[in-house]
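In the working numbering, the protein residues as written are 17 to 204. Okay, so here's the structure we're looking at.
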């Protein structure tokens, strides 16, 4: 095997009959071929949190003896990643309920030489706030009258991390209407 970047080799060929010998130097011209990019191992990533962008710089993990980094094209098979080839970075953003993924990162040198590296991604879940949405719900009544109204508050909240039974309710900003929250039924 000829090392990278050696254009010619000179080898002396010797023949002998046991008494006398002769030799000739033979020059070999080495035609370079494009080698695939080298992606030894991209380390597993264990510092990601759901819903938060995580940037992975690939440049410390790739090299190519024939091409500079800007000539390489990077991509991945992750649906949660966006690749930026200008600086060889990948932005990950994982939604709720995704706690791990095994991805493949591909590097192409444009000469049909593609290298790849598998990477294990571990995503830490975070607690998301419940979302209250009363839509266009308006409760109307006449002044100086008493009205008893019940509203199932569970119909107006979503919490992807907790069941309705784990939520607590409170109200504020009112001095003229008597409101009570039944914590069992979540009505007012």
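From the three backbone atoms N, C-alpha and C, an ideal C-beta is built for every residue, glycine too.
Residue 68 is classed as exposed because its beta carbon has fewer than 16 other beta carbons within 10 Å across all chains shown.
Between residue 81 and residue 124 a beta carbon distance of about 15 Å is seen, past the 8 Å cut, so the two are scored as non-contacting. The Cβ atoms of residue 144 and residue 177 sit closer than 8 Å to each other. Note on residue 133: 16 or more other CB atoms within 10 angstroms of its CB, so buried under the neighbour-count rule. For residue 136, the beta-bridge partners assigned by DSSP are 118.
Residue 188 and residue 179 have their C-alpha atoms some 23 Å from each other.
Setting aside the 5 residues that flank it on each side, residue 101 is surrounded in the same chain by 89 and 90, each with a C-beta closer than 7 Å to its C-beta; the list follows chain order. Only buried fits residue 97, as 16 or more other CB atoms lie within 10 angstroms of its CB. Residue pairing for residue 39: DSSP places it in a beta bridge opposite 30.
Contiguous beta strand (DSSP E) elements confined to the segment 44-85 occur at 61-65 and 70-73, taking only those with 3 or more residues. Across the set 57, 118, 163 and 28, the C-alpha of 28 shows the shortest separation from the C-alpha of residue 37.
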